[in-house]
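Shown next, in C-alpha cells, is the structure this report addresses.
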Amino acid sequence: MTVAGDLNRIAEGKIVMAIRRLAGVSPFHGDIAERFVLRHFPEVKTIGVTIEGDSIPLLFCEEFVESLTLSELQAVLQHEVNHVVLGHILADPAEFTDLWAHTVAVDVSANEFVSDSLPSRAITLEAFPKLPPLESAEKRYSRLRKVKRRRPIAMSPLGVSPTSGNIPNLARLPASPPHSKTNTAALATIDNHAVWVSARKDTPRSAKVIQDVVRDAVITVGADQIPEWLHEALRAVGVGNQPGADKEQLRGNRVGKQNWIQTLRRYIGRSLLTRPDFLRPPRRFSQLAGIVPGRRYRVSRPRIMAVIDTSASLDAKMLEVICAELARMAKRFRVTVVECDSKIHRVYAYKPILAVHGRGGTDLCPPFELEFLREHRPDVLLYFTDGFGPAPESAPAIPAIWCLTPDGVRPAAWGRTLQMQSADGK
8 MTVAGDLNRI
18 AEGKIVMAIR
28 RLAGVSPFHG
38 DIAERFVLRH
48 FPEVKTIGVT
58 IEGDSIPLLF
68 CEEFVESLTL
78 SELQAVLQHE
88 VNHVVLGHIL
98 ADPAEFTDLW
108 AHTVAVDVSA
118 NEFVSDSLPS
128 RAITLEAFPK
138 LPPLESAEKR
148 YSRLRKVKRR
158 RPIAMSPLGV
168 SPTSGNIPNL
178 ARLPASPPHS
188 KTNTAALATI
198 DNHAVWVSAR
208 KDTPRSAKVI
218 QDVVRDAVIT
228 VGADQIPEWL
238 HEALRAVGVG
248 NQPGADKEQL
258 RGNRVGKQNW
268 IQTLRRYIGR
278 SLLTRPDFLR
288 PPRRFSQLAG
298 IVPGRRYRVS
308 RPRIMAVIDT
318 SASLDAKMLE
328 VICAELARMA
338 KRFRVTVVEC
348 DSKIHRVYAY
358 KPILAVHGRG
368 GTDLCPPFEL
378 EFLREHRPDV
388 LLYFTDGFGP
398 APESAPAIPA
408 IWCLTPDGVR
418 PAAWGRTLQM
428 QSADGK
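Laid out in C-alpha cells, this is it:
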C-alpha cells in the first residue's frame with residue numbers, strides 16, 4: 008500500500024465516522040449519507056456530491072478531508088445531503104445565469120439548518136442578513152441577482168467539459184482549495200458544485216434516484232425523524248409525512264380489468280366469499296329451515312375496505328386506474344372507500360369517484376389503527392399504493408392485500424401483494 012493509498016483510506020474512514028456521528032444527530036441525513044458511494048477524486052479539490060446512473064457518488068480530496076475537524080466534516084456532509092434533497096444538484100445553469108447569486112442562494116439554503124459547526128468561511132444566512140429565513144433557493148436567487156455590491160466568494164467554475172466518463176474534468180479548478188490559506192476571499196464554497204453537471208445529463212433519471220433514496224430514508228428512520236423544515240422539500244419530490252389539503256379531479260372514463268372474485272378467492276380463500284344457505288332447508292330436517300343450513304353454499308358479499316393512497320407520489324392517471332377497479336369491485340362486493348395520504352381524509356360507501364383529497368406525504372399506518380378497524384368492521388382490507396411510506400410492523404387481525412402500482416414496492420413483510428397494471432395497460 009502506497010502512502011497516497013494510506014491517506015485515501017484514512018480520509019475515507021474519517022468520512023465514515025462523520026456519517027455515523029451525523030446519523031446520531033439527524034437520522035434522516037445520516038441514512039442518506041450512508042447511501043453515498045465514496046470515491047477518491049483529488050481533482051475535486053474539496054468535496055462534491057453528484058448522481059451517476061443510479062448511484063450518488065461523493066467525490067472527495069483527501070487533503071481537504073484531513074484539513075477539517077470531525078465536527079466540520081459532519082457539517083459538510085449534512086450540507087451535501089441538503090444539496091441532494093433540496094434538488095440543488097439538478098438546477099439548470101441556463102435558468103440561473105448569475106453564478107454568484109445562485110452559489111450564494113443554494114449554499115445559504117443548504118447551510119441554514121446544518122446542526123454542527125461549518126468551516127469558518129462557509130456561506131451562511133448570517134453573512135447575508137437581508138435574506139429572509141426559510142426561503143427557497145429560487146426565491147433567494149431572485150433577490151441576490153439584484154445585489155450590486157457583492158461580497159467576494161471563492162468558488163469552483165461550473166463551465167467544465169466532461170471526460171469520457173460521467174464525472175466532469177475539473178482541471179480548470181484553482182490550484183488550491185477555496186478554504187486554503189493561500190485564498191484570501193472572505194467567503195468560500197465548502198464543496199465543488201462543478202460535479203453537478205453529471206447529475207444533469209439525465210435529469211429525469213437523476214430526479215427519480217433522489218426520490219427513491221429519500222423515500223427509502225423516510226421508511227428506514229420513520230416519518231417522525233424528518234426535520235420539519237424539510238417537509239415542503241419532500242413533498243416536492245412526492246415524499247413526506249405531512250397531510251395535504253389538495254383535491255385531485257379525476258376523469259371517470261376508465262374501465263376496471265381485474266376479476267375481483269377470482270382474485271379474492273385466490274388471495275384470501277373461499278371463507279369470506281361463500282356462506283351457508285339457511286333459506287334452503289336440509290333434506291333430512293325440512294322443519295329446521297332457517298335454523299340449520301342446507302348443504303348448499305351461496306356467494307357472500309364480504310365488506311371490503313379499499314384504501315386509496317392519495318399522496319402526491321401517485322399521479323392522476325394511476326388514481327383513475329384505481330378508481331376504475333373500485334367501480335368494478337363494487338358491483339360484486341360492499342366497498343368502503345378510505346382516502347388517505349399521511350392522514351385519513353374521507354371514508355364513504357363506494358360511489359363513483361370524481362375527485363380525491365390529500366396529495367400530501369405518505370403514511371400507510373392510519374387505516375390499520377385498531378379503533379378505526381373496529382369502527383368500520385371490514386372483512387378484508389385492500390390498500391392501493393406505491394408502497395413508499397411507513398407501514399405498521401405487525402399485521403392486522405383481518406386479511407390485507409397490498410395492491411401495488413407497477414413500480415411499487417412491498418411496504419411490510421406481512422400481507423399479500425398484487426401488482427397492478429399501469430395506466431396504459433402494460
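Residue numbering for the sequence shown follows our numbering, beginning at 8 and increasing consecutively.
For every residue, glycine included, the Cβ atom is placed at its ideal position computed from N, Cα and C.
Remember, it's a predicted structure, so these values are computed and weren't measured experimentally.
CB of residue i within 9 Å of CB of residue j, strictly
i	j	result
Glu145	Thr131	no
Leu373	Cys347	Sequence check: residue 373 is Pro here, not Leu. Yes, the pair counts as a contact, with Cβ atoms nearer than the cut-off.
Ala117	His109	no
Val111	Arg147	yes
Leu75	Phe48	no
Ser127	Ser33	no
Ile311	Thr343	yes
Ser62	Val202	no
Met197	Leu125	Just to set this straight, residue 197 is Ile in the shown sequence, not Met. Taking 9 Å as the Cβ cut-off, Ile197 and Leu125 qualify as a contacting pair.
Pro397	Phe375	no
Thr227	Asp38	yes
Phe2	Pro234	Since the first residue of the chain shown is 8 and the last is 433, residue 2 is not available in this structure.
His364	Arg353	yes
Val225	Phe395	yes
Ala404	Ala419	no
Ala18	Ala30	no
Trp107	Leu138	no
Residue i classed as buried or exposed, judged by whether at least 16 other C-beta atoms fall within 10 angstroms
i	result
Pro53	Reading off the sequence, residue 53 comes out as Thr, not Pro. Burial call: buried.
Val23	exposed
Glu87	buried
Asn266	exposed
Leu461	Residue 461 lies beyond the stretch modelled for the chain, which goes from 8 to 433, so this question has no answer here.
Arg302	For Arg302, the predicted model reports a pLDDT of 49, less than 50, meaning its position is unreliable; a value from the coordinates is still stated below. When all chains shown are included, Arg302 counts as exposed.
Glu20	Looking at the sequence shown, residue 20 is not Glu but Gly. Gly20 comes out exposed.
Gly415	buried
Glu327	buried
Pro211	exposed
Leu241	buried
Ala362	exposed
Ala377	It should be pointed out that residue 377 corresponds to Leu in this sequence rather than to Ala. Per the 10 Å Cβ criterion, exposed.
Pro136	exposed
Gly60	exposed
Thr104	exposed
Gly422	buried
Leu295	In this prediction, Leu295 scores a pLDDT of 45, lower than 50, which makes its location untrustworthy; no coordinate-derived value is stated.
When the options are compared against residue i, the one with the closest alpha-carbon
i	options	result
Leu321	Thr412, Leu65, Arg222, Glu332	Thr412
Leu389	Arg147, Asp38, Pro309	Pro309
Ile58	His200, Pro49, Val314, Val115	His200
Ile96	Arg152, Thr227, Asp209	Asp209
Gly367	Ile351, Leu380, Gly60, Lys358	Ile351
Val56	Ser213, Ala193, Leu125	Ser213
Val3	Pro100, Leu93, Pro64, Arg16	Nothing about residue 3 can be reported from this structure: the residues present for the chain run from 8 to 433 only.
Leu141	Asp316, Gln232, Val115	Val115
Ile408	Arg273, Arg335, Val354	Arg273
Asp13	Asp414, Val51, Glu69, Ile39	Glu69
Arg158	Phe35, Leu194, Ile39, Ala334	Leu194
Ile160	Glu41, Lys153, Ala134	Ala134
Ile329	Arg353, Glu378, Pro359, Ala206	Pro359
Trp236	Leu138, Lys137, Ala323, Val92	Val92
Ala331	Trp107, Ala319, Ala313	Ala313
Ile268	Ser143, Leu333, Leu377, Ile405	Leu333
Ser204	Pro64, Ala319, Pro418	Residue identity differs from the one stated: residue 204 is Val in this sequence, not Ser. Closest by alpha carbon: Pro64.
Pro100	Arg46, Arg207, Trp421	Arg207
Arg335	Tyr357, Cys410, His90	Tyr357
Met162	Arg417, Val113, Thr270, Arg46	Val113
Glu102	Gln232, Ser149, Ala129	Ser149
Thr270	His383, His90, Val387, Gln232	Val387
Chain B within 9 Å of residue i, Cβ atoms only
i	result
Val216	Among the protein chains of the structure shown there is no chain B, as only one such chain exists.
(request) Report yes or no: do three or more beta-carbon pairs, one from the stretch 204-220 and one from the stretch 76-86, lie closer than 8 Å? (result) no
(request) Pick out the complete beta strand (DSSP E) segments inside the stretch 357-405, 3 residues or longer, and give them in chain order. (result) 362-365, 387-392
(request) Decide if the stretch 331-347 is in contact with the stretch 360-378; the criterion is three or more beta carbon pairs, one per stretch, under 8 Å apart. (result) Cβ pair count under 8 Å is three or more, so yes.
(request) Counting only runs of 4+ residues fully inside the stretch 78-153, write out the alpha helix (DSSP H) ranges in chain order. (result) Residue ranges of uninterrupted alpha helix (DSSP H) with 4 or more members, entirely inside the stretch 78-153 and ordered along the chain, are 106-118, 144-151.
(message) Using a Cβ distance threshold of 8 Å, determine whether the stretch 413-432 contacts the stretch 336-344, with at least three qualifying pairs required.
(response) no
(request) Within the stretch 47-78, note down every full alpha helix (DSSP H) run reaching 4 residues or more, in order along the chain. (result) Counting only runs of at least 4 residues, the stretch 47-78 fully encloses the following alpha helix (DSSP H) elements, listed from N- to C-terminal order: 69-74.
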